Amino acid sequence: MRWRTGRQSSNVEDRRGGKSGGGRMKIGLLGTVAAVLIGWYMGFNPIQVLGLVGGANTILGGFGGSTQTVSTGAPQDELGQFASSVLASTEDVWNPVFRQLGGRYVEPKLVLFEDGTDSVCGYSSSATGPFYCPGDQKVYIDLGFFRELQNLGASGDFAQAYVLGHEIGHHVQNLMGTTDKITNLQARASKSDSNGLSVALELQADCYAGVWAHHAHKQFNVLEEGDIEEAINAAGAIGDDRLQRMSGRRINPDSFTHGSSTQRMEWFQRGLKSGDLKNCNSFGS
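Numbering (our numbering), first residue to last: 5 to 289.
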């Protein structure tokens, strides 16, 4: 991905190096595997335990009391600059898209943290994975997640960019009113139907990530050879069925909350090929 040639966003809150509200430690790969196994043993979907590339529904409960030091603007380290550059690219794409729709794109903040952090949605440890909090319109990520992503078989800078693009997709859903609508429907739905709505929400965010990639390449020629394959591979690596299979459990589509590997790859590619939000209706007619 040609990210070094683009600008960096100033909409970054860097909380790395500060103290986390809950005093949690990073769990690392072994902890991640343990969380998956414990989740399945207790009857939970491992994605709900880890929050891998998830939305607001995967956030852990709050603990409060954070005393983290926050710096704003573009970070100084390479990985932070990469995240800032990808964020800038999403801004450059979604601002004109919203203008064409007759609306205004409210740029979200990207929060970089280590170990754990507080948000309006509650305290989250690194194990939560990247998430979007609609209450404060911020995307949260411990950049160490990219190592975990590689351990799951998804490597490459555009695989990492896809993760951020997906979370920004949740922000787009929030601005368009989709998040509130689905949350209200889930409150009245059965568990199975609620899971289905969650899957549709996640797949649409995958599609929006594809829409972003389409326009980013069209406008700024950001994609290099192999980048698309990296993103598709990342989408497939975190499918519900693959994580169930990795945990040694029977694949149960009724328990899916994010979609199968095939679905996630399909919806990302749908947005990538068309660049059109109209092709991202994962909820059906």
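Just so you know, even glycine gets a beta-carbon here, dropped at the ideal spot from N, CA and C. Quantities reported herein were computed from a predicted structural model and do not represent experimental measurements.
Within 10 Å of its beta-carbon, does residue i have 16 or more other beta-carbons around it, so buried, or fewer, so exposed?
| i | result |
| --- | --- |
| G240 | buried |
| G263 | buried |
| Q223 | exposed |
| I255 | exposed |
| A191 | exposed |
| R268 | buried |
| L105 | exposed |
| T183 | buried |
| N15 | buried |
| P320 | Nothing can be reported for residue 320, as the shown portion of the chain is limited to 5 through 289. |
Please name the residue or residues paired with residue i in a DSSP beta bridge.
| i | result |
| --- | --- |
| V185 | Strictly speaking, residue 185 in this sequence is Lys, with Val absent from that position. According to DSSP, which records beta bridges pairwise, K185 is partnered with nothing at all. |
| G126 | S123 |
| C211 | DSSP output for C211 lists no bridge partner at all. |
| T76 | E17 |
| F293 | Residue 293 lies beyond the stretch modelled for the chain, which goes from 5 to 289, so this question has no answer here. |
Would you give the residue range spanned by the alpha helix (DSSP H) that residue i belongs to?
| i | result |
| --- | --- |
| F272 | 265-278 |
| L176 | The sequence given here has Val at residue 176, not Leu. That run of the alpha helix (DSSP H) goes 161-179. |
| L227 | First-last for L227: undefined, no H or E at that position. |
| L91 | 82-104 |
| M5 | Note, M5: premise wrong, no alpha helix (DSSP H); not H, not E. |
| F149 | 149-155 |
Following the continuous beta strand (DSSP E) through residue i, name the residue where it begins and the one where it ends.
| i | result |
| --- | --- |
| L114 | 113-116 |
Once the 5 residues before and after residue i are set aside, which same chain residues still bring their CB inside 7 Å of it?
| i | result |
| --- | --- |
| Y212 | G173, V176, G275, C284 |
Let me check you understand the geometry: is the CB of residue i closer than 6 Å to at least one non-hydrogen atom of the ligand ATP?
| i | result |
| --- | --- |
| G10 | Among the ligands in the structure shown, none appear at all, so the ligand ATP cannot be discussed. |
Among the residues of its own chain, which have a CB less than 6 Å from the CB of residue i, if the five just before and after it don't count?
| i | result |
| --- | --- |
| G32 | Summary for G32: the model assigns pLDDT 45, below 50, so the residue's position carries little reliability, and this model does not support an answer. |
Touching by the beta-carbon criterion (3+ pairs, under 8 Å), the segment 113-124 and the segment 136-151: yes
Touching by the beta-carbon criterion (3+ pairs, under 8 Å), the segment 115-130 and the segment 145-162: yes
Cβ pair count under 8 Å reaching 3, the segment 184-202 against the segment 149-168: No contact exists between the segment 184-202 and the segment 149-168.
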